[in-house]
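Engineer:
In the UniProt record's numbering, the protein residues as written are 1 to 577.
#1: Which same chain residues, not among the five before or five after residue 499, have their C-beta less than 6 Å away from its C-beta?
#2: Taking the alpha helix (DSSP H) that residue 471 falls in, what are its first and last residues?
#3: Please state whether DSSP places residue 477 in a helix, a strand or coil.
#4: Within the continuous alpha helix (DSSP H) that includes residue 591, where are the two ends?
#5: Output the residue ranges of the alpha helix (DSSP H) runs that lie fully inside the region 414 to 473 and measure 4 residues or longer, sorted by chain position.
#6: Whole angstroms are fine: how far does the CA of residue 554 sit from the CA of residue 448?
#7: Check for me: the beta strand (DSSP E) holding residue 555 runs from which residue to which?
#8: Near residue 107, which residues of its chain fall below 6 Å by C-beta distance, leaving aside the five closest residues on each side in sequence?
#9: Using the DSSP secondary-structure output, state which residues sit across from residue 502 in a beta bridge.
#10: Could you spell out where the alpha helix (DSSP H) holding residue 156 opens and where it closes?
#11: Let me know the secondary structure DSSP gives residue 516 once reduced to three states.
#12: Please state the DSSP three-state secondary structure of residue 214.
#13: Taking the alpha-carbon positions, what's the residue 303 to residue 137 distance?
#14: Looking at C-alpha atoms only, which residue of 166, 383, 287 is the closest neighbour of residue 226?
#15: What is the rounded straight-line gap between the Cα of residue 480 and the Cα of residue 163?
#16: Assign residue 145 to buried or exposed, taking buried as 16 or more other Cβ atoms, counted over all protein chains shown, within 10 Å of its Cβ.
#17: Please report the straight-line C-alpha distance between residue 316 and residue 307, rounded to a whole angstrom.
#18: By DSSP, does residue 98 sit in helix, in strand, or in coil?
#19: With H, G and I counted as helix, E and B as strand and the rest as coil, what does DSSP make of residue 142?
#20: Please list the terminal residues of the continuous beta strand (DSSP E) segment that includes residue 312.
#21: When you compare the region 388 to 401 with the region 210 to 223, are there three or more beta-carbon pairs, one atom per stretch, that lie closer than 8 Å?
#22: In its own chain, which residues sit with a C-beta less than 8 Å from the C-beta of residue 61, not counting the 5 before and 5 after it?
#23: If you follow the beta strand (DSSP E) that residue 399 is in, where does it begin and where does it stop?
#24: With which residues is residue 540 paired in a DSSP beta bridge?
#25: Candidates 151, 284, 210: which alpha carbon is nearest residue 588's?
#26: Look up residue 272 in the DSSP assignment and give the residues it is bridged to.
#27: Quick check on this structure: which residue in 332, 266, 98, 150 has the alpha carbon closest to the alpha carbon of residue 412?
#28: I think residue 433 touches residue 517, with their Cβ atoms under 8 Å apart; what is that distance to the nearest whole Å?
#29: Just to confirm before moving on: does the CB-CB distance between residue 332 and residue 465 stay below 8 Å?
#30: Using 8 Å as the cut-off, can you tell me whether the region 418 to 428 makes contact with the region 167 to 174, which would need three or more C-beta pairs spanning the two stretches below that distance?
#31: Reducing DSSP to helix, strand and coil, say where residue 338 ends up.
#32: Going by the beta-carbon positions, is the gap between residue 319 and residue 206 smaller than 8 Å?
#33: Tell me which same chain residues have a C-beta within less than 7 Å of the C-beta of residue 322, skipping the five on either side of it?
#34: With 16 other CB atoms within 10 Å as the buried threshold, where does residue 148 fall?
#35: Identify, in the order they occur along the chain, each residue of the same chain with its Cβ nearer than 6 Å to the Cβ of residue 296, setting aside the five sequence neighbours on each side.
#36: Pull the bridge partners of residue 150 from the DSSP assignment, please.
Put into structure tokens, the structure is as follows:
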């Protein structure tokens with residue numbers, strides 16, 4: 001069911017976060033399909049090639065606003081495909097903001113990916129180029145008149161023999177297509193071309209969710225067209241459902257060979273970690289192996305809440321701005337990508353370093369996620385709304401899609417099954433820690449300008465902060481307070497994860513996450529890009545206002561959660577959004 005991991009190590013993921021589809025209005029609102037409270041509409045999955053792109057941007061504001069019901073939102077999006085990177089060529093000066101232009105599918109901008117030598121295994125060179133589309137004239141994307149499709153949870157659909165057979169038949173047909181066909185199985189995980197001089201990565205910024213939503217849209221269209229069924233809908237993995245009798249937080253049976261041997265192998269050919277087959281429960285906090293099943297379920301709910309509900313702005317949920325004239329500094333990922341997406345990737349992937357150097361190949365898994373309504377406002381930045389992505393459609397033609405066209409799933413003729421279990425993490429109640437918070441004197445003894453996060457020991461720093469003040473029409477208590485961890489540097493081919501606690505300096509890997517002091521995690525998913533040997537310097541942002549009201553100076557503790565190497569960083573600061 002899932003395409004093998006692609007040349008880029010950030011591959012298809014199946015995460016519960018994709019739920020960004022909001023049921024009622026399905027609009028992106030600041031959250032995005034991943035797990036999302038309010039914005040979720042962008043779901044992610046698909047893949048388009050990451051090709052070079054020329055600066056031919058024009059654009060108007062044609063996004064719409066929407067409100068989303070404050071309960072549970074609809075959800076789920078299948079994050080399906082592999083990820084990729086876009087390259088763009090532009091002479092635009094840095095003084096003028098510009099939305100991202102669409103990619104160009106041409107071998108001129110495509111380079112092979114090389115997986116580094118892994119012990120006894122030699123370097124592996126993979127052709128990551130999409131079929132050549134340089135002779136085609138791109139068209140603007142137009143909404144199709146399709147029947148409304150409902151994406152349902154994979155753990156329920158696994159019991160539907162007719163659906164599993166149809167799903168398998170669709171992939172069987174896709175795998176029979178020649179690699180030169182952009183609808184082929186091989187093309188589904190090719191990230192596309194990459195110009196070594198300038199590269200636009202659809203990860204780590206506000207481009208992540210809308211691009212993946214459309215990747216999944218076209219992937220679904222390929223499959224439905226191949227079996228002649230316009231009503232066909234992909235499933236989603238409901239891994240955020242922690243109810244013991246539901247089974248949503250286990251790998252879906254239809255993708256596990258032990259349950260469906262032989263004929264259904266088209267859904268199972270991926271490098272998945274066999275140690276994590278059912279009855280293993282998904283562990284978003286993977287560095288606490290001794291936890292009881294109940295503790296694992298609670299931690300999963302906590303991380304879902306922090307990812308979707310606590311991230312109250314588009315910056316913290318969706319990711320920071322990424323423009324065609326960016327200065328080369330890597331933007332920051334939102335919680336939708338940084339949390340559930342990255343964690344599910346690693347948990348699902350094979351632990352075999354030889355077969356897959358990054359150990360996080362999910363194949364074509366689906367996402368889970370929902371959208372509880374929150375006070376998020378849909379982003380109206382024209383550089384966001386007018387950014388364009390290029391995809392091959394089911395006719396083999398190249399289409400250019402604006403982000404503004406991705407905001408409503410109803411316009412795209414699909415919706416997600418509403419999951420009652422969403423309210424378990426939406427309304428999660430945190431506990432109060434018994435121990436007293438550190439005194440101002442204690443806090444003053446901690447370093448203020450950190451340099452390194454050790455891979456195997458916790459580190460605590462002091463953070464000076466001021467109270468938020470009214471801004472425009474927002475009262476002081478409506479302004480989001482954001483902890484910025486600046487310039488985190490870790491080798492791009494290394495996994496990194498740290499749990500972050502406020503005023504809990506004794507926190508360690510065994511500390512429970514269901515406390516107000518836990519404010520989230522920062523993670524880096526290994527990937528094999530052209531400069532993957534270098535260390536990235538990226539900022540991470542965590543929404544922490546709810547944990548800090550009236551506290552003054554505080555301590556910030558970083559607890560390692562399974563990374564491979566130390567990570568350098570430039571410091572901490574507070575920003576208000």
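No residue lacks a Cβ here, since even glycine has one placed at the ideal position from N, Cα and C.
Structural biologist: In short:
#1: 521, 559, 561
#2: First-last for residue 471: undefined, no H or E at that position.
#3: helix
#4: The chain is shown from 1 up to 577; residue 591 falls before or after that span and cannot be answered.
#5: 422 to 426, 440 to 444
#6: 11 Å
#7: 554 to 560
#8: 129, 132
#9: 556
#10: 154 to 157
#11: coil
#12: helix
#13: 44 Å
#14: 166
#15: 44 Å
#16: exposed
#17: 9 Å
#18: coil
#19: coil
#20: Run containing residue 312: none; DSSP gives neither H nor E here.
#21: yes
#22: For residue 61, the predicted model reports a pLDDT of 39, less than 50, meaning its position is unreliable and no value from the coordinates is stated.
#23: 398 to 402
#24: 485
#25: Lying before the first or after the last residue shown, residue 588 is absent from the chain, which here runs from 1 to 577.
#26: 349
#27: 150
#28: 6 Å
#29: no
#30: no
#31: helix
#32: yes
#33: 100, 205, 206, 207, 331
#34: exposed
#35: 281, 283
#36: 415
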